[in-house]
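**Q**
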Amino acid sequence: MGKNPVKAAIVEVFEEMAQVIETGTFNPKIRVGLTIMGSEHGPEELVRGAELAQKQNPDLQVVVIGSGVETNLESLTALDEKEAHALMDEMLLKHKLDAAVTMHYNFPIGVSTVGRVVTPARGKEMFLATTTGISSTDRVTAMIKNTVYGIAVAKACDKANPTVGILNIEGARHVERSLKKLQEGGYPIHFAESARIDGGIVMRGNDMLMGVPDIMVDDSLTGNLFMKVFSAYSTGGNYEAVGCGYGPGVGDDYDRIICIVSRASGAPVVSGAIRFAADCAKGKLLKIIKAELSAAKKAGLDHIIKSSCNSSLQVKKDQGGELNRPPKKPVTDSLAGVEVMQLEEAVQVLWTANIYAECGMGCTGPIVMIAPEDKEKALKLLIEMKYL
Numbered sequence: 023m024g025k026n027p028v029k030a031a032i033v034e035v036f037e038e039m040a041q042v043i044e045t046g047t048f049n050p051k052i053r054v055g056l057t058i059m060g061s062e063h064g065p066e067e068l069v070r071g072a073e074l075a076q077k078q079n080p081d082l083q084v085v086v087i088g089s090g091v092e093t094n095l096e097s098l099t100a101l102d103e104k105e106a107h108a109l110m111d112e113m114l115l116k117h118k119l120d121a122a123v124t125m126h127y128n129f130p131i132g133v134s135t136v137g138r139v140v141t142p143a144r145g146k147e148m149f150l151a152t153t154t155g156i157s158s159t160d161r162v163t164a165m166i167k168n169t170v171y172g173i174a175v176a177k178a179c180d181k182a183n184p185t186v187g188i189l190n191i192e193g194a195r196h197v198e199r200s201l202k203k204l205q206e207g208g209y210p211i212h213f214a215e216s217a218r219i220d221g222g223i224v225m226r227g228n229d230m231l232m233g234v235p236d237i238m239v240d241d242s243l244t245g246n247l248f249m250k251v252f253s254a255y256s257t258g259g260n261y262e263a264v265g266c267g268y269g270p271g272v273g274d275d276y277d278r279i280i281c282i283v284s285r286a287s288g289a290p291v292v293s294g295a296i297r298f299a300a301d302c303a304k305g306k307l308l309k310i311i312k313a314e315l316s317a318a319k320k321a322g323l324d325h326i327i328k329s330s331c332n333s334s335l336q337v338k339k340d341q342g343g344e345l346n347r348p349p350k351k352p353v354t355d356s357l358a359g360v361e362v363m364q365l366e367e368a369v370q371v372l373w374t375a376n377i378y379a380e381c382g383m384g385c386t387g388p389i390v391m392i393a394p395e396d397k398e399k400a401l402k403l404l405i406e407m408k409y410l
């Protein structure tokens, strides 16, 4: 698939020379990878979004990863999603890409995505923290972390002092108390005020539609639901036509910028997601999240989370006081269907049977990440123990 690489290189050189002549400066283009396998609308729809993004943003260079579509964009061949993700990850880690956009990518527990939408009531930009992945298996802990993640992404996208609101869902008041303690400890949080007559920093659905805060804090499953509504409310649901996708995965020590789009995302959303990914790369998101987490921890984040955690999970330990975890091994397969609040417990049940596993979060919900050779045995045990 694709184009003549010599011709493409010549065109690129002339474009860069024209940029230097016009502006007197040389700024290398931001390279964003896009995997095109797995869309419900076919790879042609994603490539159309990629071409639209590059046409509208001369500072971008989109690299298409997949097969089956002819395009003049830079292209790399991958025969399926697994191969495309492996190639994408390799290029990100080797800094051959600055960021990437993909579908159906599994983040580890602790990493979740911050979405960006334009609200329908007033056309205001708002960040949803978060929309996929999971920051913690405890809802309150997750929402506290999501606040910091949202602030980092907003700052990377040129919002110097973003305002924060907490969506009125289960745990919101607990999160409010925790965030105020974090603020009192010295971490700067600028709270928004609800537009409803009774005010407060806990946001109603009206505030969501109006985009009252710059950052709306929620849990990932709720954020995912709202993201789908914002993206497809005008199309009947089967084609996501508005927005920037589900955003970049953010977490402590996470070392790459990967933005997620849905399998139902159309070309306009794909184009927006590519621009969003480039903004995060240009805005140094990875450096900003490190700085924000460091500042939050200095203000007592870890202690606040520990005191706020309402999980009843009792961790099984051996006589030495350490977790009885089997030797670590590659976990390239997964089991879906475990309730998110039981995910850590299910993994530890497998550990007690000498089966190594990890918690994970796929686009459709929580997963137990497992080695292929252990999958059948793990499935049988989790069914027996009524986790599945």
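To convert a position in the sequence shown, counted from 1, into this note's numbering, add 22. The beta-carbon is built from N, C-alpha and C at its ideal position, and this holds for glycine as well.
Can you check the segment 302 to 382 for any beta strand (DSSP E) of at least 3 residues that lies completely inside it and give the ranges in chain order?
**A** Segments of the beta strand (DSSP E) lying fully in the segment 302 to 382: 355 to 358.
**Q** Does DSSP classify G71 as helix, strand or coil?
**A** In the structure shown, G71 sits in a helix (DSSP, three-state: H, G or I).
**Q** How is L119 classed by DSSP in three states: helix, strand or coil?
**A** In this structure, L119 counts as coil in the three-state DSSP scheme.
**Q** List the endpoints of the continuous beta strand (DSSP E) containing A151.
**A** Element bounds for A151: E147 to I156.
**Q** So, for A303: in the same chain, excluding its five sequence neighbours on each side, which residues have a beta-carbon less than 8 Å away from its beta-carbon?
**A** Cβ within range, chain order: I52, V54, D120, A121 and I279.
**Q** I326: which of L308, Y409, V197 and Y378 sits nearest, CA to CA?
**A** I326 has its Cα closest to that of V197, out of L308, Y409, V197 and Y378.
**Q** State the Cα-Cα distance for the pair P127 and E112, rounded to the nearest angstrom.
**A** With the sequence shown as reference, residue 127 is identified as Tyr, and Pro is not the correct amino acid for it. So the alpha carbons of these two residues sit roughly 14 Å apart.
**Q** Quickly, what does DSSP pair T135 with across the bridge? List them, please.
**A** In the DSSP output, where bridge partners are listed per residue, T135 has G271.
**Q** Give the C-beta separation of A286 and E262 to the nearest angstrom, bearing in mind that I take them to be a contact with Cβ-Cβ under 8 Å.
**A** Contact holds; Cβ gap of about 5 Å.
**Q** Do G221 and V136 come within 7 Å of each other at the CB atom, strictly closer than that value?
**A** Cβ atoms of V136 and G221: not closer than 7 Å.
**Q** What are the boundary residues of the beta strand (DSSP E) that S97 is part of?
**A** Its beta strand (DSSP E) spans residues E96 to T99.
**Q** Could you tell me whether the segment 144 to 157 touches the segment 230 to 246, where touching means 3 or more Cβ pairs closer than 8 Å?
**A** Verdict: yes, contact present.
**Q** Suppose you measure from the CA of I173 to the CA of Y378; what does that come to, to the nearest Å?
**A** Spanning the two alpha carbons is a distance of roughly 35 Å.
**Q** So, are the CB atoms of E67 and V91 less than 7 Å apart?
**A** No; because the gap between Cβ atoms is not below 7 Å, this pair is not in contact.
**Q** Do you know how far the Cα of S134 is from the Cα of K118?
**A** Roughly 23 Å separates the two Cα atoms.
**Q** For C179, which option in P80, G258 and A300 has the closest C-alpha, if you only look at C-alpha atoms?
**A** For C179, the nearest C-alpha among the options comes from A300.
**Q** Spell out the partners DSSP gives M238 in its beta bridges.
**A** Bridge partners of M238: L150 and G187.
**Q** Would T185 and A214 be called neighbours here (beta carbons separated by less than 7 Å)?
**A** The answer is yes: Cβ separation under 7 Å.
**Q** Please confirm if the segment 364 to 372 is in contact with the segment 389 to 397, defined as three or more CB-CB distances below 8 Å between the two stretches.
**A** Yes, the segment 364 to 372 is in contact with the segment 389 to 397.
**Q** Going by Cα to Cα distance, which pick from K351, D275, V140 and I405 is closest to L357?
**A** Of K351, D275, V140 and I405, the residue nearest in Cα terms is I405.
**Q** In the DSSP output, which residue or residues are listed as bridge partners for V281?
**A** Note on residue identity: the sequence assigns Cys, not Val, to residue 281. According to DSSP, which records beta bridges pairwise, C281 is partnered with V123 and P270.
**Q** Which residues in the same chain have their Cβ closer than 6 Å to the Cβ of Q83, if we skip the five residues on either side of it in sequence?
**A** If we look at Q83 and ignore the five residues flanking it on each side, its Cβ neighbours are K51 and R53.
**Q** Find the nearest neighbour of C281 within the set T154, Q76 and I87, judged by alpha-carbon distance.
**A** Closest option to C281, Cα to Cα, is T154.
**Q** According to DSSP, which residues form a beta bridge with I87?
**A** Answer by DSSP bridge pairing, in chain order: T57 and L98.
**Q** With respect to the beta strand (DSSP E) encompassing G227, which residues constitute its N-terminal and C-terminal limits?
**A** Taken as a continuous stretch (DSSP letters only), G227 belongs to no beta strand (DSSP E), being part of the alpha helix (DSSP H) at G227 to M232.
**Q** Helix, strand or coil: how does DSSP classify H212 here?
**A** DSSP places H212 in strand when its eight states are reduced to three.
**Q** Where does M407 sit, in a helix, a strand or coil, going by DSSP?
**A** M407 falls in the coil class under three-state DSSP.
**Q** What three-state label does DSSP hand T45 in the structure shown?
**A** For T45, the pLDDT reaches just 44, beneath the cut-off of 50, and the residue's location in the model is therefore unreliable, although a value from the coordinates is still provided. The answer is helix: DSSP assigns T45 an H, G or I state.
**Q** Roughly how many whole angstroms lie between the Cα atoms of R161 and P142?
**A** So the two alpha carbons sit approximately 28 Å from each other.
**Q** Assuming the contact rule is C-beta atoms closer than 8 Å, Y209 and A321 should be a hit. Round their C-beta distance to whole Å, please.
**A** Yes, Y209 and A321 are in contact; Cβ-Cβ is about 4 Å, under 8 Å.
**Q** Are there 16 or more other CB atoms within 10 angstroms of the CB of T12, so buried, or fewer, so exposed?
**A** The question about residue 12 has no answer, for the chain in this structure spans 23 to 410.
**Q** Would you please state the rounded distance, in angstroms, between the beta carbons of M59 and V283? I believe it to be under 8 Å.
**A** Not confirmed; about 13 Å, so no contact.
**Q** Quick check: the Cα distance between V264 and T57, rounded to an integer number of angstroms?
**A** Approximately 20 Å, taken between the alpha carbons.
**Q** Quick check: G267 and I223, are their CB atoms within less than 7 Å of each other?
**A** No, these two residues do not count as a Cβ contact at 7 Å.
**Q** Are G88 and A106 closer than 7 Å when you measure CB to CB?
**A** Going by C-beta atoms, G88 is nearer than 7 Å to A106.
**Q** Would you mind working out which of Q205, G193 and M110 sits nearest D240, comparing C-alpha positions?
**A** Out of Q205, G193 and M110, G193 has the C-alpha closest to the C-alpha of D240.
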